[in-house]
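Visitor: In terms of my numbering, the sequence shown opens at residue 2 and continues consecutively. A virtual CB, placed ideally from N, CA and C, is assigned to each residue, including glycine. Predicted model only: the values in this text are computed from it and were never measured. Have a look at this one before I ask anything.
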Amino acid sequence: MEHCEIAFKLLLGAVLGGAIGFERQSHGRPAGFRTHLIVCVASVLIMVVSDRYYEISNLNPDIIRIDPARIAAGAITGIGFLGAGVILKSGFTVQGLTTAACLWIVSAIGLAVGSSLYWPALIAFSITLIALWGLRKVEAKISRLNYKILVITTEMEIPRELVLETFKQKAVSISDIDYEFDRPSSEVTYHIRFVYRNEEVINSLIEGLKEIKGLKRFYLKG
């Protein structure tokens, strides 16, 4: 393998990985331009080294032959640890899945470039950018279920049915409910897990809760 060809592969990996990383950084993600660039260049280099070992083993029949795919598989496994580091979970909200997927595809693109599979690498690169930029608006229009927990504290004299009736009036589906009784303060705290599709439902629910006499405080989690 010529030095110019190796340099071309590394530079191409830097361009493709950096472009995807630029999109991630522009949206404030923890793994951005430099991270994706380095991951892609590293994957290219891993594949170049793997191919080099394979060439050397073929030149000398006395050398034990190495399967180049094993080194590539090790690179993909290593990306799994890096991807796990950018995934954050808070309540029912999970962030970083797309960035983790980008690190994975960037590694795969780098391996493809290192194997001289330029067209597959460019096609995968194009599809990735279309998914990140072009399909963002499409994804935003998809109606999906969301989950939150509403913590409500009321006076002990307030019947439970009055609280639940507010959810029923606002057509909010309750999936789970827990209670906490505090006798010294004569308070009842409800932990209500509910399902909704848009923020207007939450605003309507909050307005309904404000009308309950004896309600002391409430807040949302998740």
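1) Return the CA-CA distance between Leu225 and Ile88, expressed in angstroms with no decimal places.
2) Give me, in chain order, the residues of the same chain whose beta-carbon lies closer than 6 Å to that of Thr154; leave out the 5 immediate sequence neighbours on both sides.
3) Under 9 Å, do Glu147 and Arg198 count as touching if we go by C-beta distance?
4) Work out the CA separation of Ala73 and Asp177 for me, nearest whole Å.
5) Using a Cβ-Cβ cut-off of 6 Å (strictly less than) and excluding sequence neighbours within five positions of Phe168, which residues of its own chain qualify?
6) Just verifying my parser: in three-state terms, what is the DSSP assignment at Glu226?
7) Using the three-state DSSP reduction, which class does Val16 fall into: helix, strand or coil?
8) Using a 10 Å radius around the Cβ and a threshold of 16 neighbouring Cβ atoms, would you call Arg71 buried or exposed?
9) In three-state terms, what does DSSP make of Ser117?
10) Using the Cα positions of Leu130 and Thr78, report the straight-line distance between them to the nearest angstrom.
11) Using a Cβ-based criterion (distance less than 8 Å to any ligand heavy atom), does Val107 qualify as near the ligand MG?
12) Any idea what DSSP makes of His37, helix, strand or coil?
13) Let's test the definition: count the other Cβ atoms within 10 Å of the Cβ of Ala85 and tell me whether it reaches 16, buried, or not, exposed.
14) Answer yes or no: do Gly215 and Glu156 have a C-beta to C-beta separation smaller than 9 Å?
15) Quick check: the Cα distance between Ile110 and Phe126, rounded to an integer number of angstroms?
16) Give me the Cα-Cα distance between Glu166 and Glu158, rounded to the nearest whole angstrom.
17) Determine the direct distance from the alpha carbon of Ala8 to that of Val16, and round the result to whole angstroms.
Guide: With the given structure in hand:
1) Outside the shown range of the chain (2 to 223) lies residue 225, about which nothing can therefore be said.
2) The sequence position of residue 154 within the sequence shown is 153, counting from 1. Answer for Thr154: Glu188, Thr190, Lys217, Arg218, listed in chain order.
3) The residue you call residue 147 lines up with position 146 of the sequence shown. The residue you call residue 198 lines up with position 197 of the sequence shown. Checking the displayed sequence, the identity of residue 147 turns out to be Asn instead of Glu. Result yes, Cβ atoms of Asn147 and Arg198 sit closer than 9 Å.
4) On the sequence shown, residue 177 is found 176 positions in, with the first residue counted as 1. On the sequence shown, residue 73 is found 72 positions in, with the first residue counted as 1. Those two C-alpha atoms are separated by around 46 Å.
5) Reading the sequence shown from its first residue, position 167 is the one you call residue 168. Here the set comprises Ile175.
6) There is simply no residue 226 to check, as the chain begins at 2 and stops at 223 in what is shown.
7) Residue numbering aside, residue 16 sits at position 15 when the sequence shown is read from its first letter. Three-state result, Val16: helix.
8) By one-based count along the sequence shown, residue 71 stands at place 70. Exposed: under 16 other Cβ atoms inside 10 Å.
9) Counted from its first residue, the sequence shown places residue 117 at position 116. Coil.
10) As a working note, residue 130 is residue 129 in the sequence shown. As a working note, residue 78 is residue 77 in the sequence shown. Cα to Cα, Leu130 sits roughly 23 Å from Thr78.
11) For the structure depicted, the ligand MG is absent and the ligand set is empty, with no information on it obtainable.
12) One-based indexing of the sequence shown puts residue 37 at position 36. His37: helix per DSSP, three-state reduction.
13) The residue given as residue 85 occupies position 84 in the sequence shown. By the 10 Å Cβ count, Ala85 comes out exposed.
14) Within the sequence shown, residue 215 is the residue found at index 214, counting from 1. Within the sequence shown, residue 156 is the residue found at index 155, counting from 1. In contact: Gly215 and Glu156 (Cβ atoms closer than 9 Å).
15) Within the sequence shown, the letter at position 109 stands for residue 110. Within the sequence shown, the letter at position 125 stands for residue 126. About 7 Å.
16) The residue you call residue 166 lines up with position 165 of the sequence shown. The residue you call residue 158 lines up with position 157 of the sequence shown. Between Glu166 and Glu158, the C-alpha separation is close to 16 Å.
17) Sequence index remark: in the sequence shown, residue 16 carries index 15 (1-based). Sequence index remark: in the sequence shown, residue 8 carries index 7 (1-based). Cα to Cα, Val16 sits roughly 12 Å from Ala8.
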